[in-house]
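Data block below; observations after.
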Amino acid sequence: MVTKDQLLIFLKKKRNTWISGEFVSNELSVSRAAIWKHIHSLKQEGYDIASSPKKGYRLGRDSERLLPKEIREGLDTKIFGKKDIAYFPEIDSTNTKARELADGGAAEGTVVVAEKQMAGRGRRGRSWLSPAGDGIYASLLLRPAMSPSVAPRITLMTAVAIAEALLSLVRIDLKIKWPNDILVNGRKLAGILTEISADMDTVNYIVVGLGVNVNTPPGHFSEELRNQATSIYIETGERLSRSRLTRAWLQQFEKYYEMFKKSDFAPIMHRWKQLSGFIGQKIMVDVVGQKHVGEVADIDEDGVLILKDDQGKYRRIFSGDIIPLQA
Ligand code: BTN
């Protein structure tokens with residue numbers, strides 16, 4: 008391991024306490040000048056390290072960044088995050104950036120992450136609130152050699168992957184809301200925006216964007232959003248490392264993507280249904296202003312909602328906003 012990484016491990020173990028330059032240089036068997044150089048470089052990478060001629064160095068408690076190095080620590084994937092993780096302290100939208108990179112020939116598995124988005128985009132032309140350091144704002148680049156009709160499956164798969172990642176790290180009672188929201192206690196914790204570039208019969212690329220409210224305190228949501236949105240911090244009272252959650256998501260995503268590429272979609276759909284508890288629910292769905300009421304009969308493998316109305320007639324709904332109704 009290079010000394011800079013060893014130094015970082017050292018600082019992390021003693022997070023928020025001062026360690027003298029002399030102590031570190033003895034432990035790592037390098038000169039104090041070399042330590043200073045590595046500290047300087049870590050600061051440039053975005054780590055919040057205080058230095059004092061008398062006390063030495065101290066890594067700040069809240070200095071966690073969504074840095075590629077942090078995400079890769081122990082990352083057990085072959086594609087996602089293994090090659091390129093493009094990191095931005097600030098960007099308009101990670102999806103827009105990922106599309107730019109894709110148009111420039113970037114490889115499948117490229118990940119784009121940002122601490123803050125200035126113009127985070129949601130579904131149906133909405134915006135996605137993306138304050139600095141609170142959430143995960145990340146996009147993945149996929150190049151499946153398949154027909155464009157697979158795109159909705161990728162969205163369902165992404166929802167299952169982030170749900171599994173969340174359940175592996177925190178105790179929350181989450182639900183997937185069709186097509187791709189993650190809700191806790193009826194409030195939105197995460198959303199997915201899938202964008203596709205394709206010819207008539209082949210995918211050129213797909214960008215999957217994920218936004219998760221991780222450490223957002225209630226005060227960071229507007230009055231209007233406060234009833235509709237939540238964060239892991241609000242639900243559990245504890246902060247969660249965003250890089251840890253991103254890593255868990257990449258691992259889950261890759262696992263499901265491998266299944267998807269082998270056309271083994273049934274287990275993914277099965278898990279989606281389990282996590283949504285959606286089948287049999289009475290709902291109203293708003294399809295660009297047209298409202299339909301009925302019971303959810305099924306979700307097919309392309310993510311199409313099959314709604315059964317009071318007359319027993321079935322309707323296929325491709326996209327829309329759901330309002331659950333009391334039974
Ligand atoms: C939605 O629920 O409406 C989808 C929200 C998706 C937000 C994410 S944040 C990272 C990526 N970049 C964007 O501009 N949007 C997605």
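Counting the sequence shown from 1 gives a position; our numbering is that position plus 7. Don't be surprised by glycine CBs; every beta carbon is placed ideally from N, CA and C. Owing to the predicted nature of the structure, the values given are computational and were not obtained by experimental measurement.
Burial state of residue i, where buried means 16 or more other Cβ atoms lie within 10 Å
{"i": "residue 237", "result": "buried"}
{"i": "residue 220", "result": "buried"}
{"i": "residue 216", "result": "buried"}
{"i": "residue 141", "result": "buried"}
{"i": "residue 186", "result": "buried"}
{"i": "residue 207", "result": "exposed"}
{"i": "residue 214", "result": "buried"}
{"i": "residue 325", "result": "exposed"}
{"i": "residue 296", "result": "exposed"}
{"i": "residue 83", "result": "exposed"}
{"i": "residue 332", "result": "exposed"}
{"i": "residue 165", "result": "buried"}
{"i": "residue 12", "result": "exposed"}
{"i": "residue 104", "result": "buried"}
{"i": "residue 77", "result": "buried"}
{"i": "residue 51", "result": "exposed"}
{"i": "residue 127", "result": "buried"}
{"i": "residue 270", "result": "exposed"}
{"i": "residue 323", "result": "exposed"}
{"i": "residue 193", "result": "exposed"}
{"i": "residue 229", "result": "exposed"}
{"i": "residue 158", "result": "buried"}
{"i": "residue 137", "result": "buried"}
{"i": "residue 54", "result": "buried"}
{"i": "residue 48", "result": "exposed"}
{"i": "residue 300", "result": "exposed"}
C-beta atoms of residue i and residue j nearer than 8 angstroms
{"i": "residue 98", "j": "residue 155", "result": "no"}
{"i": "residue 64", "j": "residue 26", "result": "yes"}
{"i": "residue 338", "j": "residue 87", "result": "Since the first residue shown for the chain is 8 and the last is 334, residue 338 is missing from the structure and cannot be characterised."}
{"i": "residue 1", "j": "residue 67", "result": "Because the chain spans 8 through 334 in this model, residue 1 falls outside it and cannot be assessed."}
{"i": "residue 74", "j": "residue 42", "result": "no"}
{"i": "residue 329", "j": "residue 184", "result": "yes"}
{"i": "residue 36", "j": "residue 46", "result": "no"}
{"i": "residue 18", "j": "residue 143", "result": "no"}
{"i": "residue 267", "j": "residue 133", "result": "no"}
{"i": "residue 278", "j": "residue 167", "result": "yes"}
Contact belief for residue i with residue j at Cβ below 8 angstroms, rounded distance in angstroms
{"i": "residue 129", "j": "residue 200", "result": "6 angstroms"}
{"i": "residue 319", "j": "residue 294", "result": "Wrong, their Cβ atoms sit about 20 angstroms apart, outside the cutoff."}
{"i": "residue 276", "j": "residue 245", "result": "Not quite, the Cβ-Cβ distance comes to about 32 angstroms (not below 8 angstroms), so this is no contact."}
{"i": "residue 235", "j": "residue 298", "result": "Not really, about 19 angstroms apart at Cβ, beyond 8 angstroms."}
{"i": "residue 146", "j": "residue 211", "result": "Not a contact, Cβ separation roughly 16 angstroms."}
{"i": "residue 90", "j": "residue 116", "result": "5 angstroms"}
{"i": "residue 32", "j": "residue 39", "result": "5 angstroms"}
{"i": "residue 239", "j": "residue 225", "result": "Rounded, the Cβ-Cβ distance is 13 angstroms, inconsistent with contact."}
{"i": "residue 135", "j": "residue 198", "result": "7 angstroms"}
{"i": "residue 71", "j": "residue 249", "result": "7 angstroms"}
Closer than 8 angstroms to chain B by CB, residue i
{"i": "residue 110", "result": "Although the question refers to chain B, the structure presented lacks it and comprises just one protein chain."}
### Task
Assess, as a yes-or-no matter, whether the region 219-235 is touched by the region 273-284 under the definition of 3 or more beta carbon pairs within less than 8 angstroms.
Contact fails between the region 273-284 and the region 219-235, because fewer than three Cβ pairs, one in each stretch, are under 8 angstroms apart.
### Query
Do the region 288-305 and the region 167-182 make contact, defined as three or more Cβ pairs closer than 8 angstroms?
no
### Task
Inspect the CB distances between the region 144-155 and the region 303-318 and report whether three or more fall short of 8 angstroms.
Cβ pair count under 8 angstroms is below three, so no.
### Message
Three Cβ pairs or more, each shorter than 8 angstroms: is that satisfied between the region 103-111 and the region 179-191?
### Response
no
### Task
Mind the definition here: the region 111-127 touches the region 80-94 only if three or more C-beta pairs lie below 8 angstroms; say whether that holds.
yes
### Task
Spell out a yes or no on whether the region 166-173 and the region 248-264 are touching, meaning 3 or more CB-CB pairs, one atom from each, closer than 8 angstroms.
yes
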